[in-house]
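Remarks on the structure that follows.
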Amino acid sequence: MSFIESALQANRELFQLLHVKGLEESHYQSFALGAGGDVSSGIDLVAEKIFIHYLLPFGTIVSEESGVIENPTSSIRIVLDPIDGSDNLLSNIPYYGTSIAYFENDKCTKAVITNLANGDIFIKDEMGLRRGKLEKNTLSLVTCNAFSKVGIFERSYCSLKVHDTLKIAKIKYRSPGAFALSLAYAHDVSFVLYEGKMRTYDIEAGLFMCEDLYTFCEGDIFLVSKDKEIFAKIKSLFISN
Numbered sequence: 018m019s020f021i022e023s024a025l026q027a028n029r030e031l032f033q034l035l036h037v038k039g040l041e042e043s044h045y046q047s048f049a050l051g052a053g054g055d056v057s058s059g060i061d062l063v064a065e066k067i068f069i070h071y072l073l074p075f076g077t078i079v080s081e082e083s084g085v086i087e088n089p090t091s092s093i094r095i096v097l098d099p100i101d102g103s104d105n106l107l108s109n110i111p112y113y114g115t116s117i118a119y120f121e122n123d124k125c126t127k128a129v130i131t132n133l134a135n136g137d138i139f140i141k142d143e144m145g146l147r148r149g150k151l152e153k154n155t156l157s158l159v160t161c162n163a164f165s166k167v168g169i170f171e172r173s174y175c176s177l178k179v180h181d182t183l184k185i186a187k188i189k190y191r192s193p194g195a196f197a198l199s200l201a202y203a204h205d206v207s208f209v210l211y212e213g214k215m216r217t218y219d220i221e222a223g224l225f226m227c228e229d230l231y232t233f234c235e236g237d238i239f240l241v242s243k244d245k246e247i248f249a250k251i252k253s254l255f256i257s258n
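As structure tokens, then:
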């Protein structure tokens with residue numbers, strides 16, 4: 018089984034757990050502080066265990082929950098967020114997923130991001146960026162949505178400067194709460210914006226999927242957009258302020 022297929026199998030098992038079996042009381046419990054700096058929930062750890070089973074044979078895993086899980090026989094590095102947006106999941110908000118980035122010689126060459134709420138999958142490898150559904154075997158190449166009306170501003174609730182800047186500029190956005198997943202949808206929305214410290218678990222797979230888009234990263238501001246004019250407009254707000 019290939020790495021991509023193994024990643025999809027892990028996501029299918031997790032999707033089945035969430036939507037057929039359902040969450041148990043233990044999945045809501047809080048445990049220790051994870052490697053990414055957030056407190057791990059029970060479902061975070063269960064999801065991580067599923068991914069370790071499927072992905073550890075391919076290489077060393079760097080997970081948001083447990084940190085480094087070694088595979089001494091491989092030079093491959095796999096950056097994993099077992100549940101992206103777990104607070105959404107535990108609050109019954111349908112916007113959460115998983116993020117996997119595959120590194121060879123310190124270069125990301127494969128990535129899989131899954132929306133576990135609706136089954137959307139995004140895969141990028143040597144065949145390009147494609148999307149599909151977990152329960153189907155067909156994939157189509159991702160193209161840019163020319164009709165998008167809003168962007169995504171992740172972590173807007175703790176914004177120190179961006180929120181007011183966008184408000185004054187009358188730029189519309191939503192803040193759904195799962196950064197890696199939002200990057201997977203960057204070709205669909207007007208822009209994806211993030212303010213704050215960026216962690217490898219949140220950004221590696223999404224960055225790889227956004228290589229063909231306009232990108233700005235300076236200090237604690239990260240911006241990506243498919244639209245040159247929108248990108249320039251938002252970028253200028255931060256360069257001049």
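The opening residue of the sequence shown carries number 18 in the working numbering; numbering runs sequentially from there. C-beta atoms are modelled at their ideal positions from N, C-alpha and C, and glycine is treated no differently.
Closest by C-alpha distance to residue i, when choosing among the options
i, options, result
"Gly-145", "Arg-94, Asn-28, Lys-127 and Ala-134", "Lys-127"
"Ala-24", "Ser-91, Lys-38, Phe-139 and Lys-124", "Phe-139"
"Val-179", "Ser-242, Leu-254 and Gly-223", "Leu-254"
"Phe-164", "Leu-34, Leu-224, Lys-243 and Gln-26", "Lys-243"
"Gly-194", "Glu-221, Ser-91, Ile-169 and Leu-40", "Ile-169"
"Cys-234", "Lys-252, Glu-221 and Gly-223", "Lys-252"
"Asp-205", "Leu-158, Lys-124, Asp-123 and Cys-125", "Leu-158"
"Phe-225", "Lys-141, Glu-171, Asp-237 and Thr-160", "Lys-141"
"Lys-124", "Glu-221, Asp-237 and Ile-238", "Glu-221"
"Tyr-71", "Glu-171, Cys-175 and Asn-28", "Asn-28"
"Tyr-174", "Thr-160, Ala-186 and Tyr-190", "Tyr-190"
"Asp-55", "Asp-101, Gly-236 and Lys-150", "Asp-101"
"Arg-172", "Gly-236, Ile-86, Ser-192 and Gln-46", "Ser-192"
"Leu-34", "Lys-150, Ile-86, Ala-186 and Val-63", "Val-63"
"Gln-26", "Gly-236, Ile-188 and Thr-115", "Thr-115"
Assigned exposure category for residue i - 16 Cβ within 10 Å defines buried
i, result
"Lys-184", "exposed"
"His-44", "buried"
"Glu-65", "buried"
"Ser-83", "buried"
"Asn-258", "Its pLDDT being 47, under 50, Asn-258 is placed unreliably by the model, and the measurement read from it follows with that caveat. With fewer than 16 Cβ atoms within 10 Å of its Cβ, Asn-258 is classed as exposed."
"Leu-230", "buried"
"Asn-154", "exposed"
"Leu-177", "exposed"
"Glu-22", "exposed"
"Gly-223", "buried"
"Asp-181", "exposed"
"Val-37", "exposed"
Own chain, CB closer than 6 Å to residue i, minus 5 neighbours either side, in chain order
i, result
"Leu-97", "Phe-68, Ile-78, Ser-80 and Ile-117"
"Lys-150", "Gly-136"
"Thr-232", "Val-241"
Check whether residue i and residue j have beta carbons under 8 Å apart
i, j, result
"Ala-203", "Ile-130", "no"
"Pro-99", "Asp-61", "yes"
"Cys-227", "Leu-210", "no"
"Leu-156", "Leu-31", "no"
"Ser-103", "Tyr-113", "yes"
"Ser-207", "Val-167", "yes"
Contacts around residue i, its chain only, beta-carbon distance under 7 Å, and the 5 residues preceding and following it disregarded
i, result
"Leu-152", "For clarity, residue 152 is Glu in the given sequence; the question names Leu instead. Correct list, in chain order: Gly-136."
"Arg-94", "Gly-76, Thr-77, Val-79 and Phe-120"
"Ser-91", "Phe-75, Gly-76 and Thr-77"
"Ala-186", "Leu-254"
"Asn-162", "His-204 and Asp-205"
Contact set for residue i: own chain, Cβ-Cβ below 8 Å, skip 5 residues either direction
i, result
"Ile-238", "Val-179, Leu-210, Tyr-211, Glu-212 and Phe-255"
"Gln-46", "Ser-58 and Gly-59"
"Thr-160", "His-204"
Near the ligand FMN: residue i beta-carbon under 7 Å from a heavy atom
i, result
"Thr-217", "Although the ligand FMN was asked about, the structure shown includes no ligands whatsoever."
Notebook entry, point to check: Are there three or more Cβ pairs, one per stretch, closer than 8 Å when the segment 213-220 is compared with the segment 243-252?
Noted result: No: the two stretches stay apart, fewer than three of their Cβ pairs being nearer than 8 Å.
Item checked: Cβ contact check for the segment 114-124 and the segment 144-159: 3 or more pairs under 8 Å -> No: fewer than three Cβ pairs fall under 8 Å.
Next item on the list: Assess, as a yes-or-no matter, whether the segment 18-32 is touched by the segment 103-110 under the definition of 3 or more beta carbon pairs within less than 8 Å.
Entry: No, they do not touch.
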